[in-house]
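Chains as they are written, first to last, in our numbering: chain A, 1 to 314; chain B, 1001 to 1309; chain C, 2001 to 2573.
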Amino acid sequence: MTSNNSHFVAPMDETPLLATDALKNEDAPLSLWVDAWRKLRRRPLFIMSALLIMALTVIALFPSLLSTVAPNDGCELANSEGGPSAGHPFGFTFQGCDIYSRVVHGTQASLSVGVLSVICVLIVGVTFGALAGFYGGWLDTVLARLGDIFFALPLILGALVITQLPLFRTNKSVWTVVLVISLLAWPQMARITRGAVVEVRNADFVTAARALGLSRFGTLVKHVLPNALAPVIVLATLELGVFIVAEATLSFLGIGLPEGVMSWGHDIAAAQSSIRTTPEIMLYPAAALSITVLSFIMLGDAVRDALDPKSRQR
Amino acid sequence: MVRFILRRLLQVIPVFIGTTLLVYYMVFALPGDPIAALFGDRQPPQAVIDTLRSQYHLDEPFWVQYGLFLRNLFTFNLGNDFTGQPIAATLARVFPVTAMLAVEALIIQAVFGVAFGVFAGLRRGGWFDSTVLVASLVVIAVPTFVLGFVFQLIFGVNLGWAKPTVGASADWGNLLLPAVVLGLVSFAYVLRLTRASVSESMNADYVRTATAKGLSRPRVVLAHILRNSLIPVVTYLGANLGGLMGGAIVTEGIFNVPGVGNKLYQAVLRTEGPTIVSIVSVLVLVFVAANLLVDLLYAWLDPRIRYDQ
Amino acid sequence: MRDKKMTISDVQVDEADYSGIRPLLEIRDLAITFKTSGGDVQAVRNAHLTIMPGETVAIVGESGSGKSTTALAAIGLLPNNGAVSHGQILLDGEDIAHATEKRMIELRGNTIGMVPQDPMSNLNPVWKIGYQVKETLRANGRPSGPDDVAQVLSEAGLPDAHRRAKQYPHEFSGGMRQRALIAIGLSCQPRLLIADEPTSALDVTVQRQILDHLDTMTTDLGTAVLLITHDLGLAAERADKVVVMYRGQVVEAGPSLALLQNPQHPYTKRLVESAPSLASRRIQVAREQGLEASDLLAPVAEAAASDQVLQIQDLRKVYKLRQGLGKTTAFAAVDGVSFDVKRGTTTAIVGESGSGKSTVAKMVLQLEKPTEGKILFDGVDTSLLKSSELFKFRRRVQPIFQDPYGSLDPMYNIYRTIEEPLRVHKIGDKASREKKVRELLDQVALPQSSMQRYPNELSGGQRQRVAIARALALDPEVIICDEAVSALDVLVQAQVLNLLADLQANLGLTYLFITHDLAVVRQIADHVCVMEKGKLVETGSTNNVFESPQQEYTKALLNAIPGAKLMLPPEVA
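In structure tokens, the structure reads:
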């Protein structure tokens, strides 16, 4: 520009004036969930984990589809640590049982403990977390202290103590393991829910709903909770994996599922004695366990990315 | 800062009382004869029963019992295990080993986790980032006890780089392999957390302002991105100490490390209820104290915390 | 920047000073492209501007116009996915559009400084203020002892600088933080300072002080300033030249006053017409239509026109603040406020942050209980309402909130959002509710096709229209607007204000308008209540308050309106 004070005006055809604040009408309406689903669908990580989880669910529900051999039938010491043979693709355990069948039948316990624990934790944790976060006051204080106390009791240590109780000694079952895990893990879920609810509860749309005449509880259920769910869903998915590990660890230590229930944790513990000679015996249940956990962790990771509010700003 | 420390100390007391009360209540106050319950199916000798009765003051009212239990805990009067050894003496012997193991594991997860996380976070989307992300998922998915056996087999038995079982010769070198196993899962979590935290603070306004001031890139990364990213990582490390203790039970069992976890594991195998309760109570005490330390570190890293009311 | 009453002759004197001097910064034909997942997006095209040494140039535009992007390119701070794709950025003749990072680090701080927008997020919360100044001085090779740091801070108008330097950002108020950021930006005496909306997050009176101080400092140092702002009034008042950007392009540029008095480009014209800080009269459209409307509604409107729909009497709200260790202190957020609101009119409550104006709104809406005092609605004491009566009250008094991003539930589509009040109050069946929603969308000038959309797909102005439609769904008599237009761009703000004025005329609505922006008050309100620290300091009709304010505080507020000192011919204003 030559003169400093020239008055420049852009030619009109270069910058046609748009109507102020026109509505862009090109794309289809997207809700948060539809949007997240579209993002998920494109992630290879999600597709892989979803397929794995579907396969695992089928195996857990109908183990006999994949294995005609019952896990404890035909265990013959003659087959001890035997290699793969026809009809027994993974070989035999120290006790001479079919590893393949045991791995297939172990799926059920792992998944049911994981899923049931997550459901319990969700029910208890979300209820307490949401109430404490939304109403505050003494409930919040009590919950915070209770959370601190449980927080100071790490999962495995706490489980060690609880499982020494007569109640748990005599009635070992899937349900006792679920109870132990839920008892020790719900405070974390409550904390996350509380945090999310506190973040939403003062939003203008919540105040607006109250000004409409909706009750306090009504706003909590209709507006606050749905908007606080994203972190809860992410944590629940990740915890599925964590709880499956916890069950296997407890069973491995001998304080988890009862001996009669097929569990990868048990089989890994039993395979310890053969580790130097035939490590494959441990390899198969260990791989099954790891793959199961991996698929839930991958799912949680993908869901977290898809629900990330930062990726949704326009 | 002094007020913050005092306030935190005051907050720790109810947590400690609550936790020990919970443990104690579950074992000694639920319906049924606690002594019989502690021994499960076995019938202990009468002498042991009598010792336990006086040790836990079971004839007194519950609150007196609990109070005396707390006093015993703080005076390290923890009673004897089933072989007649005083538990306090055993703990004093094995605790340093576990402390060594835990410190080594903590260093591994903190140093490597943060370093890898920072590199991945600074170059988000690059090949290093993508590789490390997938690898960390796999590491998280493999449970510690599986990892323990695999590493024992590969590095201990097959390659012979380390002793497969530690036994009595517990020193920094021999504990390295179990420490790696113990720290690996948390290492992956630390890595992912650091990465997320770094890439978030990279986009923070104050980082852009720091660059606009004319600071060099290394200074911006060190003083502004890294310093701020460490805050959530430190919180995680503190919270995870409990997980480390749980993991120590498994790891020490597998590698036969003569530590607290191993003693606990053996007590579990032998269903020695009183020993378990004593050791867990001590561990809770340690955990709460360690978390207090982490909180102070946290307050040092984040000045906003100190002034919170 | 020069603080003065600007006239044409001043500008000409300035021009004479510049003759024969090379521009400090010259941007030529600049294009900036962002790589996104949806392909390349050109954020800036054909941008050009010139800044002479010591001169202040303002870039004016709405959000997304490319004004900040252009300025960030000049200091080499474009986001990672953005790059200069065409053109030159000449600093003293040197093209820095593609300069190496090493060269940019040399320039930043001591040649080009920056004062960022949001004082809350631009200081690192974990370092002491003094350290953040010190590292700036050190990085640019200047003495950085405690005294140097304190001097830099006190020059920016921070009293007690030695002590302040040892504090953390969270111990500072917003205005003090902005002063610290100005101190940092000017600490190495740069030749060019980029000030990106340096005061838009602050209260008007603080804003004025800080801009005045920035003026003085840059004049003393001879620093040229590139001022980014959305406020045309502020730009014209503070800058020698104004550059108007629209959709990534420069549409008009020239000396401030000339451009304001004689805007050429239709966009600039539109901007000048709607700039609230330049407007001096209440929106008239509504008034004229209002007369006709009240004729049509004669029986109802006549009877109601005279009465006071809201009477606020000695309202007090005391909060207990926790002081730690179980101690609490009482804090009166609202302290003895009384005023009346006449049916069918607009009453504005004006005040800065912390004045208690929003607390009054919450109490009128029955979302907070007053500690003392009464709120009479239609002559009835609202504190005596039973819950069923309160439910009916809610139909008659509805709010519209500030944040267009927070006021709509992101999980609800537009239809459900507007239909919710009808459902809650069990009005009509499904079909009649849908009909009502369609009518409401028409009323706020949104296409009916937007019913299935979600809030995140709408712009701020459109969301605010949806919020208005929701508030209107129950046919209320009183609408409480809590900063309802504060977050919107100027043109959109004008549009929404016009909509509100039309609705008032057509529906006989009463507005209680809570705002910090006096310029907006002038456009929409009949009566004004000025609040300061919980107390009502002045009330009166809008014209009286604006033309002859009685209280010092009101005068200060009025003075602080950007552009208030500009002398513009009435036909423009």
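Quick reminder that beta carbons are idealized off the backbone N, C-alpha and C, glycines included. Remember, it's a predicted structure, so these values are computed and weren't measured experimentally.
Do you know offhand how far residue i's Cα is from residue j's?
i	j	result
B/F1255	B/Q1152	8 Å
C/E2062	B/F1187	47 Å
B/V1277	B/M1245	15 Å
A/S295	C/K2035	33 Å
C/Q2308	C/L2509	13 Å
C/G2373	C/V2520	29 Å
C/V2149	C/G2174	20 Å
B/R1123	A/A36	25 Å
C/Q2178	C/V2204	13 Å
B/S1201	B/I1225	6 Å
A/P11	C/Q2261	20 Å
A/L153	B/G1018	10 Å
C/Q2452	A/S31	9 Å
B/Y1189	A/A203	32 Å
B/G1121	B/K1213	23 Å
B/G1247	A/R201	38 Å
C/T2136	C/R2191	16 Å
C/D2092	C/S2187	21 Å
B/R1003	B/A1110	29 Å
C/D2295	C/L2500	Residue confidence for C/D2295 is low, a pLDDT of 42 falling below 50, so the modelled location carries little weight; the figure read from the coordinates is stated next. Going by the C-alpha atoms only, they are around 20 Å apart.
C/A2058	C/D2526	34 Å
B/A1299	B/I1305	6 Å
C/A2293	C/L2507	In this predicted model, C/A2293 has a pLDDT of only 39, less than 50, meaning its place in the structure is not dependable; the value taken from the coordinates is given anyway. If you take the alpha carbons of C/A2293 and C/L2507, they lie about 8 Å apart.
C/E2026	C/L2072	14 Å
A/G254	B/V1150	20 Å
So residue i contacts chain B; which residues on that side make the cut at Cβ distance below 8 Å?
i	result
C/L2077	R1208, T1211 and A1212
C/P2116	D1205, R1208, T1209 and A1212
C/G2344	Neighbours of C/G2344 on chain B: none; closest Cβ ~45 Å, over 8 Å.
A/V161	V1023, M1026, V1027, I1276, V1277 and V1280
Mind reading off the beta-carbon distance from residue i to residue j? Whole number of angstroms is fine, and I expect it under 8 Å.
i	j	result
B/N1291	B/G1243	About 12 Å; that fails the 8 Å criterion.
C/Q2402	C/D2482	6 Å
A/I192	A/T249	Actually they are not in contact, since the Cβ atoms of A/I192 and A/T249 sit about 23 Å apart, beyond 8 Å.
C/M2114	C/I2210	The pair is not a contact, with the Cβ atoms about 15 Å apart (cut-off 8 Å).
B/F1145	A/F252	5 Å
B/A1162	B/V1257	Not confirmed; about 12 Å, so no contact.
Cβ of residue i within 8 Å of any heavy atom in the ligand GDP?
i	result
C/Q2493	Because no ligand of any kind appears in the structure shown, any question about the ligand GDP cannot be addressed here.
DSSP has residue i in a bridge; who is on the other side?
i	result
C/H2086	C/A2031
C/C2583	What the structure shows of chain C is the stretch from 2001 to 2573, and residue 2583 of chain C is not part of that stretch, so it cannot be assessed.
C/Q2311	C/D2340 and C/L2376
A/V9	C/E2252
C/F2331	C/Y2319
C/L2512	C/T2347 and C/I2480
Going by alpha carbons, who is nearest to residue i out of the options?
i	options	result
C/I2349	C/L2512, C/G2130 and C/G2082	C/L2512
A/P285	A/I181, A/T278 and A/Y100	A/Y100
C/H2213	C/A2183, C/L2077 and C/A2471	C/A2183
B/E1272	A/V161, A/T278 and A/A302	A/V161
C/H2098	C/A2471, C/E2106 and C/V2084	C/V2084
C/P2125	B/Y1206, B/L1283, B/L1241 and B/M1026	B/Y1206
A/E199	A/A132, A/A211 and A/V180	A/A132
Find the residues of chain A that neighbour residue i, judging by a C-beta separation of less than 7 Å, and give them in chain order.
i	result
C/D2403	D204
Could you work out which residues of chain C lie near residue i, taking near to mean beta carbons separated by less than 8 Å?
i	result
B/R1219	E2135 and A2139
A/S31	M2411, N2413 and Y2454
What in chain C is Cβ-close to residue i, meaning under 7 Å?
i	result
B/R1227	V2126
B/L1215	E2135 and A2139
Listing by chain order, which chain A residues have their CB less than 9 Å from the CB of residue i?
i	result
B/P1014	R145, D148 and I149
In chain B, which residues lie with their C-beta within 9 Å of the C-beta of residue i?
i	result
A/V115	None at all; the shortest Cβ gap to chain B is about 17 Å.
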